[in-house]
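Engineer:
Following this line, the structure appears as structure tokens:
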């Protein structure tokens, strides 16, 4: 079994259902979204924070490689459990040339879409 298939299997088993929306399109994914507890925000604006600080506004997204958040328009959002998240930064993680998963830093932007996710 390839690494990507293993990651996809883990996401299907342990991930939550989310809706990725951009332009007039959307797709459902199984992804992990969790609050970020971190000691710096070098990947965002470059300001340092105390160890273990939780600012309540940034979340880590780990989702399938087939849905490339890094290639979506700047106004794309991710919705889960009625909460809408704006994509601050996203990248595709590869190993030996194989795309494994997509990760992103999300920020709450308000209520989710009309669809219940």
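Numbering (the numbering used here), first residue to last: 4 to 120. For glycine and all other residues, C-beta sits at the position ideal for the given N, C-alpha and C. This one's a predicted model, so the numbers in the text were calculated from it and none came from an experiment.
Indicate the three-state DSSP secondary structure (helix, strand or coil) for residue 62 in the structure shown.
Structural biologist: If DSSP states are grouped into helix, strand and coil, residue 62 belongs with the strands.
Engineer: Return the Cβ separation of residue 95 and residue 10 in integer angstroms, given the expectation that the two are a contact with Cβ distance under 8 Å.
Structural biologist: With a Cβ gap of about 12 Å, residue 95 and residue 10 do not count as contacting.
Engineer: Once the 5 residues before and after residue 93 are set aside, which same chain residues still bring their CB inside 6 Å of it?
Structural biologist: Excluding residues within five positions, the ones whose Cβ falls inside 6 Å are 72, 73, 107.
Engineer: Are residue 81 and residue 109 touching if we call contact CB-CB under 8 Å?
Structural biologist: Cβ distance < 8 Å, so residue 81 and residue 109 count as in contact.
Engineer: Please classify residue 79: is it buried, with 16 or more other beta-carbons within 10 angstroms of its beta-carbon, or exposed?
Structural biologist: Classification for residue 79: buried.
Engineer: Take the Cβ of residue 66 as the centre, count every other Cβ of all protein chains shown within 10 Å, and call the residue buried at 16 or more, exposed below.
Structural biologist: Residue 66 is buried by the Cβ-count criterion.
Engineer: Could you give the distance in angstroms between the alpha-carbon of residue 62 and the alpha-carbon of residue 29?
Structural biologist: Cα-Cα distance, rounded: 20 Å.
Engineer: For residue 101, count the other beta carbons within 10 Å of its own beta carbon; 16 or more makes it buried, fewer makes it exposed. Which is it?
Structural biologist: Exposed: under 16 other Cβ atoms inside 10 Å.
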